[in-house]
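The next block holds one structure in the form of structure tokens; read it before the comments.
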Amino acid sequence: MRVLVFGAGSLGSLLGGLLARAHDVTLVGRDPHVERVRAEGLRVTGEYTAHVEPAATTAVPAERFDLALVAVKAFDTPAAAAALDAADPDAVLSVQNGLDNERTLASALDAEVLAGTSTYGARLTEPGTVDCTGRGDVALGPPDGGESAVAESVGAALRAADIETTVAADMPRRCWEKLAVNAGINAVTALARVENGALVDGAAGEPARRAAAEVARVARERGIELSDDAAVGAVERVATATSANRSSMLQDVEAGERTEIDAISGAVVDRADAAVPVNETLAALIRGWERERGLR
Ligand SMILES: NC(=O)C1=CN([C@@H]2O[C@H](COP(=O)(O)OP(=O)(O)OC[C@H]3O[C@@H](n4cnc5c(N)ncnc54)[C@H](O)[C@@H]3O)[C@@H](O)[C@H]2O)C=CC1
Ligand SMILES: CC(C)(CO)C(=O)C(=O)O
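Residue numbering for the sequence shown follows this note's numbering, beginning at 1 and increasing consecutively.
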């Protein structure tokens, strides 16, 4: 398969690096990472050990691709959609966090867009090197649920590269459950400056559980079957499994960079029929910090 990875940062480089063991992969990212991959190849360390030589570029080549895998931060999705037009991909898979990414991509591209969730942990440690900090899995399928031949063939391509993959007919529920996990963990850990494990039995766990229960309520308002217990249980399970992790939002705040708050807590607030006070508060605090820093 010819695969274009748009957003060769942490997750894009990990999945792109793994895919390059079985497919013809082109990474689209930024220098100095792209420059180093071109010169020395891409090293994958941590849970996997690999040295691969995918093509790497800072602009989407005007060539045909079977699959475009989108791994930019959610606020860069409109730019990704505009840039991907040049590559004319047959299928597009978003592995990003947050709601709306698939809709943004589908509205701009003449391709079958698949929803995806990834629980792999990835971190670019230096240009040319990505560390897999946790083996997880990718779930993918049509964004509105159901089955599709394209989803099956993309799933088979990921499995051929030894990426743990589930082709799922219930992506709407899975995306909302992942949203509950991110709404519960990300802003709380970023504001409290704690690792994910502090939410398991520490005082910061209470707002995390309340935020997740609000996501479940909003999901049900939108016709998705997600119980409070399932959403809260997912937060507890992920916080336990990733207890030593600093969430991506905590890392963004520590690096003084823009966060994905709009696509996570903000998306919950935007879709709620009634007040979601915990998510409203978390979104307002992180947005306030971003404004203060001139990031929005
Ligand atoms: N890193 C992880 O372990 C996980 C990340 N995710 C999600 O995956 C998405 C990506 O996350 P990360 O890889 O951590 O972010 P990242 O910031 O490390 O990677 C994104 C990359 O896209 C590049 N990029 C953005 N716009 C571009 C453009 N126009 N042209 C070329 N390159 C461009 C950036 O330079 C950056 O290197 C996010 O939605 C995140 O929430 C989900 C699960 C785990
Ligand atoms: C699952 C979790 C919370 C792991 O840290 C994550 O997706 C993130 O940090 O963005």
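C-beta atoms are modelled at their ideal positions from N, C-alpha and C, and glycine is treated no differently.
Query raised in the report: Among A219, A211, P143 and A50, which one has its Cα closest to the Cα of A283?
Result: Numbered from its first residue, the sequence shown carries residue 283 at position 283. Checked all of A219, A211, P143 and A50; the closest Cα to A283 is A211.
Query raised in the report: At a Cβ threshold of 9 Å, is A239 touching chain E?
Result: You won't find chain E in this structure, because it holds only one protein chain.
Requested in this report: Report yes if the C-beta of D90 is less than 8 Å from at least one heavy atom of ligand 1; otherwise report no.
Outcome: Translated into positions along the sequence shown, residue 90 becomes position 90. No.
Query - heavy atom of ligand 1 below 8 Å from D76 C-beta - result: By 1-based counting over the sequence shown, the position of residue 76 is 76. Because some heavy atom of ligand 1 lies under 8 Å away, the Cβ of D76 counts as near it: yes.
Query raised in the report: How close, in whole Å, do the beta carbons of A263 and V218 come, if the pair is a contact with beta carbons under 8 Å?
Result: Here residue 263 is taken as the residue at index 263 of the sequence shown, counted from 1. Here residue 218 is taken as the residue at index 218 of the sequence shown, counted from 1. Not really, about 14 Å apart at Cβ, beyond 8 Å.
**Report entry** Which residues DSSP lists as bridging T189, in chain order
**Finding:** In the sequence shown, counting from the first residue as 1, residue 189 sits at position 189. Partner residues in a beta bridge of T189, as assigned by DSSP, do not exist.
Query raised in the report: Between the segment 42–51 and the segment 67–81, do at least 3 Cβ pairs fall closer than 8 Å?
Result: Verdict: no, contact absent.
Query raised in the report: With C-beta atoms as the reference, is A56 less than 9 Å away from V28?
Result: Indexing the sequence shown from 1 puts residue 56 at position 56. Indexing the sequence shown from 1 puts residue 28 at position 28. Using a Cβ distance threshold of 9 Å, A56 and V28 count as a contacting pair.
Query - Cβ neighbours of A192 in the same chain (closer than 8 Å, five flanking residues each side left out) - result: Position 192 of the sequence shown, counted from the first residue, corresponds to residue 192. A198 and A204, listed in sequence order.
Query raised in the report: What is the C-beta distance between L18 and D162, in whole angstroms, given that I count them as a contact (C-beta under 8 Å)?
Result: As a working note, residue 18 is residue 18 in the sequence shown. As a working note, residue 162 is residue 162 in the sequence shown. Yes, they are in contact, since the Cβ atoms of L18 and D162 sit about 7 Å apart, within 8 Å.
Query raised in the report: Mapping DSSP to helix, strand and coil, what is L99?
Result: On the sequence shown, position 99 is the one that residue 99 refers to. Correct three-state label for L99: coil.
Query raised in the report: So is the beta-carbon of M1 under 8 Å away from any non-hydrogen atom of ligand 2?
Result: As a first step, residue 1 must be located in the sequence shown, where it is residue number 1. In terms of side-chain proximity, the C-beta atom of M1 is found no nearer than 8 Å to any non-hydrogen atom of ligand 2.
Query raised in the report: In three-state DSSP terms, what is E164?
Result: On the sequence shown, position 164 is the one that residue 164 refers to. E164 falls in the coil class under three-state DSSP.
**Report entry** Coarse secondary structure for L295, derived from DSSP in three states
**Finding:** As a position in the sequence shown, residue 295 is number 295, starting the count at 1. L295 falls in the coil class under three-state DSSP.
Requested in this report: Report the option in E214, L109, L99 and V95 whose CA atom is closest to the CA atom of S13.
Outcome: In the sequence shown, residue 13 corresponds to position 13, counting from 1. S13 has its Cα closest to that of V95, out of E214, L109, L99 and V95.
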